[in-house]
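Let me begin by presenting the structure, written as structure tokens, before commenting on it.
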Amino acid sequence: MQEKNVQGKKKQEKKVQGNKSQENRIQGKRVQEGKKQGSPKRENKRPESRAVKGVKPEQKQRTEQKQKAAKFGKPVLKQQSGQNVEKGKKNAKKSMCPVMRQCGGCQMLDMPYAEQLKTKRKRLETLLKGICPVKDMIGMEDPFYYRNKVHAVFDRDRRGNIISGIYQENTHNVVPVEKCMIEDQKADEIIGTIRGMLKSFKIRTFDEDTGYGLLRHVLIRRGFESGEIMVVLVTASPVFPSKNNFVKALREKHPEITTIVQNINGRGTSMVLGEKEHVLYGKGYIVDTLCGCSFRISSRSFYQVNPVQTEKLYTKALELAGLTGKETVVDAYCGIGTIGIIASKKAGNVIGVELNQDAVRDAINNAKMNQISNIHFFCNDAGRFLVNMAEAGEKADVVIMDPPRSGSTEEFMDSIAKMGAKKVVYVSCNPETLARDLAYMKKLGYKAKEAVGFDMFPATEHVETICSLTRIK
Ligand code: SAH
């Protein structure tokens, strides 16, 4: 998300995982369960979460912008009526969402859905012209309220009222949001409850300019099949007065919450999550089911935000991989191991590689939970890992790759060729870098057969694509 993604938030989250320090990376060593592998590291840059577009985190800029910002100080009252609470805004009046323009995340919200799909397909066709044919986009039956991960930033408006919502594009001003057309409705309800509880618990929202206050963000993840709900309270300091009572009261109002985590982020950056966490209630993660497998998802691991479409996407990825039960498969940029674990049932063995240590830990647990023994995970940079594999003379039959928005690297793709992989399945969240990488793969002797877009992010301009490649020389 350079992250225009579902706007305001993703960029931040991605950065959540974004400590670029390389020192702690495991150099291709197998990760033992429970062994600490250094910190997670690098921008994830997927459009799965809403991001602040172009935000510069400098304090000064924030202060100036806040001063200019007062116009968005009123909570949004209605979302679906088609009427804007703020009068006199021509465009906003027509929109399904009263804060569409300030938020900037749902660039296509008011376009008929069939047209959204056509527009995305066209873009894909333009970018992949001369590379491979593009099939019709696979859309959703109901393209609303699909995000199972919801993030809200907390603040106060000019009059001191507690608000929560998203950052206005390119700023640190908070646009109050009570309901969002693409977010899980239960998650929005819980965020509303938390907003309403803060005053009586004397919990202050964090002020980025003064550094005072406690609550910065709330992040909610909901298991689509399991219904499990994780609430992450991001606080500026570890000291959380009356936290037990707060947790108790929140659970009374929402008994459906299965775990509550306090994440401490004392940094003056625009990242959402800090490195430290305390589990306040429950097991500290949720479990969800996808394509018949169970997955453990913790607060900082990547997990696709649109479960309905993810099932379709993964099913297609496996179909294109065409596994017979004998192959050695590499699942690169594997996150919590979803694709590889699903593929392992039809493969000889699977090697998963992922840079984020929390995700790798989840992946290892996920393999165990699903009683899968022919998959192994490594915490490393995918490019470096593949170079090591190729240099060691190891072979792979099929490579499934699902890189972040920045795409893959030449060293990664060179190594695919060096290892002699016959088939590559490329899952992409950024058609521009996909086109670039496919052109490079062509030079290496890999022909792209077809590309199919999956609408993982209705109402936004983001396009997820799967493309299969076969080795022709
Ligand atoms: N395949 C997974 C995750 C895809 S998201 C799924 O479908 O859920 C992309 C993943 O790439 C993220 O988990 C991110 O942490 C990881 N990543 C980003 N840069 C990487 C790199 N250089 N090497 C390995 N993994 C990387």
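Residue numbers for the sequence shown follow the numbering used here, so the first one is 41 and each next one is one higher.
Think of the CB as a built atom: it goes at the ideal place given N, C-alpha and C, for glycine as much as any other residue.
If you look at Thr-159, you'll find it in the alpha helix (DSSP H) that goes 153 to 167. Its chain contains Ile-304 as the residues whose beta carbon lies nearer than 6 Å to that of Pro-278, once the 5 sequence neighbours on both sides are disregarded; these appear in chain order. With fewer than 16 other CB atoms across the displayed protein chains lying within 10 angstroms of its CB, Gln-411 is exposed. Runs of the beta strand (DSSP E) spanning 3 or more residues and lying entirely within the stretch 164 to 212 occur at 189 to 196 and 202 to 207, in chain order. The continuous stretches of beta strand (DSSP E) do not include Pro-138, and DSSP gives it neither H nor E. Note that the stretch 314 to 323 does not touch the stretch 388 to 405; fewer than 3 beta-carbon pairs, one per stretch, sit closer than 8 Å. Per DSSP, the continuous beta strand (DSSP E) segment holding Thr-299 begins and ends at 299 to 304. By the criterion of at least three beta-carbon pairs nearer than 8 Å, the stretch 400 to 408 is not in contact with the stretch 421 to 430. Nearest to Glu-248 by C-alpha distance, out of His-212, Gly-263 and Ile-222, is His-212. At the C-beta level, Ile-382 and Phe-342 stay beyond 9 Å of one another. Partner residues in the beta bridge of Leu-273, as assigned by DSSP, are Val-258 and Gln-302. In terms of side-chain proximity, the C-beta atom of Ser-341 is found nearer than 8 Å to a non-hydrogen atom of ligand 1. Going by DSSP, Leu-395 is part of no alpha helix (DSSP H) at all; its letter is neither H nor E.
In the structure shown, Ala-372 adopts extended strand secondary structure according to DSSP, grouped into three states.
When the alpha-carbon of Glu-296 is set against those of Val-312, Arg-262 and Gly-308, the nearest one is in Arg-262. For Ala-491, the three-state secondary structure derived from DSSP is strand. For Ser-384, the enclosing alpha helix (DSSP H) stretches over residues 378 to 384. Contact between Cys-507 and Tyr-466 holds, with the beta-carbon distance rounding to 5 Å and staying under 8 Å. Beta-bridge partners of Pro-216 (DSSP): Gly-205.
In the structure shown, the three-state DSSP call for Arg-235 is helix. Using a Cβ-Cβ distance cut-off of 8 Å, the stretch 173 to 187 and the stretch 491 to 510 are in contact, since at least three pairs of beta carbons, one from each stretch, lie closer than that value.
DSSP places Leu-330 inside the beta strand (DSSP E), whose first and last residues are 326 to 330.
At least one heavy atom of ligand 1 lies closer than 8 Å to the C-beta of Ala-422. Thr-299 and Pro-216 have their C-alpha atoms spaced approximately 26 Å apart. Secondary-structure assignment with DSSP links Val-465 through a beta bridge to Ile-440 and Ser-508.
Residue environment: Asp-182 is assigned as exposed (fewer than 16 neighbouring CB atoms within 10 Å of its CB, all protein chains considered). Proximity of the beta carbon of Ile-506 to ligand 1 is not indicated: no heavy atom of the ligand is located closer than 8 Å. Counting only residues of its own chain and dropping the five nearest sequence neighbours on each side, His-294 has a CB closer than 7 Å to the CB of Ile-230 and Thr-233. Distance between Gly-447 and Gly-170, taken at the CA atoms: about 19 Å. Taking C-beta separations shorter than 8 Å and ignoring five residues to either side along the sequence, the partners of Glu-490 in its chain run Cys-172, Pro-173, Val-174, Lys-175, Cys-507 and Ser-508, following chain order. Annotation for Asn-428 indicates a beta carbon at 8 Å or more from all heavy atoms of ligand 1. For Glu-317, the uninterrupted beta strand (DSSP E) segment begins and ends at 316 to 321. Here DSSP, grouped into helix, strand and coil, assigns Phe-418 to strand. Burial is judged here by how many other beta carbons sit within 10 angstroms of a residue's own beta carbon; Gly-236 has fewer than 16 and is exposed. No Cβ-Cβ contact shorter than 9 Å links Val-438 with Leu-353.
Residue range 471 to 483 is occupied by the alpha helix (DSSP H) that includes Arg-476.
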